[in-house]
Amino acid sequence: MNIVKAISLFSGGLDSQLAVYLIKNQGIEVIGLNFVSPFFGANESTYKAAQELGIKLQTIDIGQEYISEVLRKPVYGYGKNLNPCIDCHAYMLKRAGHFMEEYNASFILTGEVLGQRPMSQTRSALSSVDKISGYKGLTLRPLSALLLPETIPESEGWIDRNQLLDISGRGRSRQMELAQEFGIHDYPTPAGGCLLTDENFSRRIKPLLATKDEIDPLEIEVYKVGRHFILNGNLLVVGRNHAENERLQEIAAEADYLLKVIDRPGPLALFRSSSMPSQQEFEYVAAIVARYSDAKNETQATVKAFKTSSNDFQTFIVKPLSPEAVPVTV
Numbered sequence: 006m007n008i009v010k011a012i013s014l015f016s017g018g019l020d021s022q023l024a025v026y027l028i029k030n031q032g033i034e035v036i037g038l039n040f041v042s043p044f045f046g047a048n049e050s051t052y053k054a055a056q057e058l059g060i061k062l063q064t065i066d067i068g069q070e071y072i073s074e075v076l077r078k079p080v081y082g083y084g085k086n087l088n089p090c091i092d093c094h095a096y097m098l099k100r101a102g103h104f105m106e107e108y109n110a111s112f113i114l115t116g117e118v119l120g121q122r123p124m125s126q127t128r129s130a131l132s133s134v135d136k137i138s139g140y141k142g143l144t145l146r147p148l149s150a151l152l153l154p155e156t157i158p159e160s161e162g163w164i165d166r167n168q169l170l171d172i173s174g175r176g177r178s179r180q181m182e183l184a185q186e187f188g189i190h191d192y193p194t195p196a197g198g199c200l201l202t203d204e205n206f207s208r209r210i211k212p213l214l215a216t217k218d219e220i221d222p223l224e225i226e227v228y229k230v231g232r233h234f235i236l237n238g239n240l241l242v243v244g245r246n247h248a249e250n251e252r253l254q255e256i257a258a259e260a261d262y263l264l265k266v267i268d269r270p271g272p273l274a275l276f277r278s279s280s281m282p283s284q285q286e287f288e289y290v291a292a293i294v295a296r297y298s299d300a301k302n303e304t305q306a307t308v309k310a311f312k313t314s315s316n317d318f319q320t321f322i323v324k325p326l327s328p329e330a331v332p333v334t335v
């Protein structure tokens, strides 16, 4: 007897874990699929959740394609911030469909709940997603299946529709009760998981999308940490703690300048300029960096500017900016 296989869009969140449990409990072999981009993707808890459920987890890096094909030109537009949720879900289902064919699986399942998300999980949105994905009828949503049209896996008898659920809305009490019943104890809080839904992050990357035709996914990393300043179209990022200082050091591109006060404790800063900064620009940036160091109340501070790709450096003796003179962060 051939075992039916299913591909699960798997975030590791509670809903995706419950969906997998319900289908796996019917004797279906489930393979988890997680898409990785600068805005979302698998972490340690995702792998742990897959392991606890006893499923294989496959991750696919979609960063470059996602930026150009989904983020830049969503057919259904954005949500409250820069989140192209309907186009995003359709894209993922389309890619999952290709993966399904490659693994000789029969259908796709997701942890989506009808009415949970105001943009992407309404009836009309789910219908649109299924249609534009190219795999209409092959996407099963076990948590809300009884409230949705019957899918091919149900009509073909691959799974028992009577063992599926009728959850809807934004509440989580029923899911949490099921988690207790199924022995699922480790799951993250429902905090979205996608940076594109975050107002501050969206505001930061809008200028990048507007001014650059081609964006390397690695460029996005710098927008996730630190205090951000836009200075004449150039970007200054000042670390807020030791972890952010280390992260800025790690993700600095060859052309980026790193700045640090050398005679007092203080943050590391990254300056990304479209051209060689002038002496005046360097001094202004250095004065901002000094403002966030222990030299902020001194009459002067010495700031070192260097690149990770070179042993050369410059030093600037500047007066730290007063709080009133510091530009507004982005």
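So for the sequence shown, the working numbering puts the first residue at 6; every next one is plus one.
Where is the CB? At the ideal position from N, CA and C, for every residue including glycine.
Residues near H190 by beta carbon distance below 8 Å, same chain, minus five either side: A184
Beta-carbon gap between T115 and T156 smaller than 9 Å: no
Alpha helix (DSSP H) segment containing A55, residue limits: 49–58
Own chain partners of G59 with C-beta closer than 8 Å, once the 5 adjacent residues on each side are dropped: K29
Own chain partners of S125 with C-beta closer than 6 Å, once the 5 adjacent residues on each side are dropped: C90, I91, H94
Contact between the region 201–209 and the region 241–258 (3+ Cβ pairs under 8 Å): no
Burial state of T51 (16 or more Cβ within 10 Å): buried
Meets three-Cβ-pair contact criterion under 8 Å: the region 28–45 and the region 123–140: no
Residue ranges of each alpha helix (DSSP H) within the region 130–185, 4 or longer: 157–160
Span separating the alpha-carbon of I293 from that of N239: 14 Å
Nearest candidate by alpha-carbon position, reference M105, set R179, L264, G37, L263: G37
Reference A274, options V227, P193, N302, closest by Cα: V227
Within-9 Å CB hit, A248 to chain B: Chain labels in this structure do not include chain B; a single protein chain is all it has.
Endpoints, alpha helix (DSSP H) assigned at G367: Missing from the structure shown is residue 367; the chain here goes from 6 to 335 and no further.
Local conformation of G271 per DSSP, three classes: coil
Residue range of the unbroken beta strand (DSSP E) whose run includes H4: What is shown of the chain runs 6 to 335, which leaves residue 4 out entirely.
For A24 and F112, believed in contact at Cβ under 8 Å, the rounded distance: With 8 Å as the limit, F112 and A24 do not qualify as a contact, their Cβ atoms being about 12 Å apart.
Short Cβ contact (9 Å threshold) for V331 with F321: no
DSSP-derived helix/strand/coil call for A11: strand
Spatially closest choice to H233 from A215, I220, I256, N205, by CA coordinates: N205
Residues that Y262 bridges to, as DSSP identifies them: F276
Reference N88, options S280, E57, R122, closest by Cα: R122
Beta-carbon spacing of F187, Y262 below 9 Å: no
For V331, the first and last residue of its enclosing beta strand (DSSP E): From DSSP, V331 is part of no beta strand (DSSP E); its letter is neither H nor E.
Rounded straight-line distance, which links the Cα of V290 to that of L241: 8 Å
Three-state secondary structure (DSSP) of K99: helix
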